[in-house]
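In the numbering used here, the protein residues as written are 28 to 151. Cβ coordinates follow ideal geometry from the N, Cα and C atoms, glycine included. Computed from a predicted structure; not experimentally measured. These notes concern the structure reproduced below.
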């Protein structure tokens, strides 16, 4: 199902942009450069992983799942005031990874059912 993968891409890119906006807002509001750097690094990684998942399916989806799990723990430990944001952004990243995995599974099932039921045509 291509729409599941498209939805995964949209949510993944949205999560990456959310991380970028988080880094910029926190650095401007609190004037903390390390959080800006963390927001940009995580945001760029999520955007790149979303594009990798769009192209190569399973490796990108696994990267998105890992990136959804680790930022929550890192931000929960390092910046104790932002666990709600971390859980929202990490949740978006996890949902994107799961949608990519579901899209891969459904598309492989669709291909296998099409291959079994199709009759090859010979054009002469």
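- Message: Only counting the same chain, and skipping five residues up and downstream in sequence, which positions put a Cβ closer than 6 Å to that of residue 119?
- Response: 38 and 42
- Query: Got a sec? Which residues, its chain only, sit under 6 Å from residue 122 by beta carbon, not counting five neighbours each side?
  - Reply: 38
- Alpha-carbon to alpha-carbon, residue 77 and residue 35: 8 Å
- Task: Going by CA-CA distance only, name the one from 85, 82, 75 and 83 that's closest to residue 44.
- Result: 75
- Let me know if residue 82 comes out buried or exposed under the rule of 16 or more other beta-carbons within 10 Å of its beta-carbon. exposed
- Task: Below 7 Å CB to CB, which residues in the same chain sit around residue 31 once its five sequence neighbours on both sides are set aside?
- Result: 126, 129, 130 and 133
- Through-space distance from residue 48 to residue 79, alpha-carbon basis: 22 Å
- Alpha carbon to alpha carbon, how far is residue 86 from residue 52? 31 Å
- Report all residues from its chain with a CB closer than 7 Å to the CB of residue 92; omit the five preceding and five following residues, and keep chain order. 121 and 124
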